[in-house]
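Engineer: The structure's right below; bear with me while I get my questions together.
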C-alpha cells in the first residue's frame, strides 16, 4: 500500500480516513487487550507491528492530503487522530518498559487426549476481564472500519490508489492468525470450549472481517477497468489542453 500510494499520489482520495482511523483504533485496543488478557506472544507482537504500520499509513495519508491541496479535516477527525496517535505511542512505550514473563513454548493441539486432561474452566482474572472487554470493542472496530472503505470504493466506482495486495495479505494473515490461535493446546486444566471463549474476541476480529474483505475483493474485480488517471497522467493532459 505504501508503494501504491507513492506511485499514484492519490492516497487521500483512494482510502477513507474513517477506515484508517477505525483500523488504528482496532489495532490499538487489540494491543492493549492482548496484553491485559494474557494472550499468545504472537498476538502481542503482531499487534505492535500493526499499530506502527497504521501510524505510518496515516502519516502518509495526511502528507498526500496536504500535497494535493484538499481542505483540512473536521475537528472531530483531528481530535480522533490526535487521541489515537498519543494513545498508540503511550501504549507502545508502556509495553516496552513493562517486564514480561517467559512466554513459554508453543504446544500443538494433540489429537488424542485423556479424559482427565480437561479439568474444568479456567476462571478469568479482573485484568483478563478488562482485556477481554477491550478486545471485544477492538473486534467491533475492525468490522466497522471496512464499511467506510467499501462506501468510498462504491462512490468513486474505482479502486485506483488502493493496493489489492494489502487486502489479500490481510485475508491470508487473518486466516493463519486465527488458525494459529485455534491450534494451540489449551493450558492445563482448561477445556477446549473455555479456551475458545478466552480468545473469542480476537478470533472474531481476525476471522470475522474476512467476509467484508471478500466484498472489497469483488469491488477490485468490478472496478478494475474504470481506474482514474494518476497525478502525472492528469498533469500531462492538462498541459496538452493549455497548449492547444
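Numbering (our numbering), first residue to last: 439 to 682. Glycine included, C-beta positions come from ideal geometry on N, C-alpha and C. As the structure is a computational prediction, the values presented were derived from the model and not from experiment.
#1: Beta-carbon separation of residue 579 and residue 439 under 7 Å?
#2: Contact between the stretch 589-607 and the stretch 441-451: three or more CB pairs below 8 Å?
#3: Taking the continuous alpha helix (DSSP H) assigned at residue 590, which residues delimit it?
#4: Helix, strand or coil for residue 656 per DSSP?
#5: Do residue 574 and residue 639 have their beta-carbon atoms positioned less than 7 Å apart in this structure?
#6: For the stretch 611-622 and the stretch 504-514, state whether three or more C-beta atom pairs, one from each stretch, are separated by less than 8 Å.
#7: With a cut-off of 8 Å, do at least 3 Cβ pairs link the stretch 464-484 to the stretch 517-533?
#8: Using DSSP with H/G/I as helix, E/B as strand and the rest coil, what is residue 649?
#9: Going by other Cβ atoms of all chains shown within 10 Å of its Cβ, with 16 needed for buried, is residue 567 buried or exposed?
#10: Short of 6 Å in beta carbon distance, which residues of its chain neighbour residue 459, apart from the five on each side in sequence? Order them along the chain.
#11: Output the distance between the C-alpha atoms of residue 593 and residue 462, rounded to the nearest integer angstrom.
#12: From the DSSP output, in three-state form, read off residue 476 for me.
#13: Is DSSP giving residue 553 helix, strand or coil here?
#14: Only counting the same chain, and skipping five residues up and downstream in sequence, which positions put a Cβ closer than 6 Å to that of residue 457?
#15: Can you give me the start and stop residues for the alpha helix (DSSP H) that residue 446 sits inside?
#16: Just how far apart, CA to CA, sit residue 470 and residue 576?
#17: Starting from the C-beta of residue 645, find all residues in its chain whose C-beta is less than 8 Å away, skip the five residues before and the five after it, and write them out in chain order.
#18: For residue 642, which residues from the same chain have a beta carbon less than 7 Å from its beta carbon, with the 5 sequence-adjacent residues on both sides left out?
#19: By Cβ distance, which residues of its chain are closer than 7 Å to residue 475, with the 5 residues on each side in sequence left out?
#20: Where does the unbroken alpha helix (DSSP H) through residue 600 begin, and where does it stop?
#21: Between residue 590 and residue 491, how many whole angstroms is the CB-CB distance? I'm expecting something under 8 Å.
Structural biologist: By the coordinates alone:
#1: Mapped onto the chain shown, residue 579 falls at position 141. Mapped onto the chain shown, residue 439 falls at position 1. Cβ atoms of residue 579 and residue 439: not closer than 7 Å.
#2: Three or more Cβ pairs drawn from the stretch 589-607 and the stretch 441-451 lie within less than 8 Å of each other, which places the two stretches in contact.
#3: Against the chain shown, residue 590 aligns to sequence position 152. Per DSSP, residue 590 belongs to the alpha helix (DSSP H) from 564-594.
#4: Residue numbering aside, residue 656 sits at position 218 when the chain shown is read from its first letter. In this structure, DSSP gives residue 656 a helical state, which the three-state scheme calls helix.
#5: Translated into the one-based positions of the chain shown, residue 639 becomes position 201. Translated into the one-based positions of the chain shown, residue 574 becomes position 136. The answer is yes: Cβ separation under 7 Å.
#6: Between the stretch 611-622 and the stretch 504-514, the count of Cβ pairs shorter than 8 Å is below three; the stretches do not touch.
#7: Touching, yes, given that three or more Cβ pairs across the two stretches are closer than 8 Å.
#8: In the chain shown, counting from the first residue as 1, residue 649 sits at position 211. Helix, per DSSP.
#9: As a position in the chain shown, residue 567 is number 129, starting the count at 1. So residue 567 ends up on the exposed side.
#10: As a working note, residue 459 is residue 21 in the chain shown. Once the five neighbours on either side are set aside, the close Cβ partners of residue 459 are 518.
#11: Mapped onto the chain shown, residue 593 falls at position 155. Mapped onto the chain shown, residue 462 falls at position 24. Cα to Cα, residue 593 sits roughly 23 Å from residue 462.
#12: By 1-based counting over the chain shown, the position of residue 476 is 38. DSSP, read as helix, strand or coil, puts residue 476 in coil.
#13: Looking up residue 553 in the chain shown gives position 115. Any reading at residue 553 must be qualified, since the residue scores a pLDDT of 42, below 50, and its modelled position is unreliable; no value is offered.
#14: Within the chain shown, the letter at position 19 stands for residue 457. Closer than 6 Å at Cβ, skipping near neighbours: 583, 586, 587.
#15: Along the chain shown, one-based indexing puts residue 446 at 8. Element bounds for residue 446: 440-446.
#16: If you number the chain shown from 1, residue 470 lands on position 32. If you number the chain shown from 1, residue 576 lands on position 138. So the alpha carbons of these two residues sit roughly 10 Å apart.
#17: Working through the chain shown from its first residue, we reach residue 645 at position 207. Within the same chain, Cβ atoms closer than 8 Å to the Cβ of residue 645 are found at 612, 613, 616, the five residues on either side in sequence being excluded.
#18: Taking the first residue of the chain shown as position 1, residue 642 is located at position 204. Counting only Cβ-Cβ distances below 7 Å, and skipping sequence neighbours, we find 577.
#19: For this step, residue 475 is matched to residue 37 along the chain shown. Within the same chain, residue 475 has close Cβ partners 566, 569, 570, 573.
#20: Mapped onto the chain shown, residue 600 falls at position 162. For residue 600, there is no enclosing alpha helix (DSSP H), as DSSP marks it with neither H nor E.
#21: To locate residue 590, count along the chain shown from 1; it is residue 152. To locate residue 491, count along the chain shown from 1; it is residue 53. 20 Å between Cβ atoms; not a contact.
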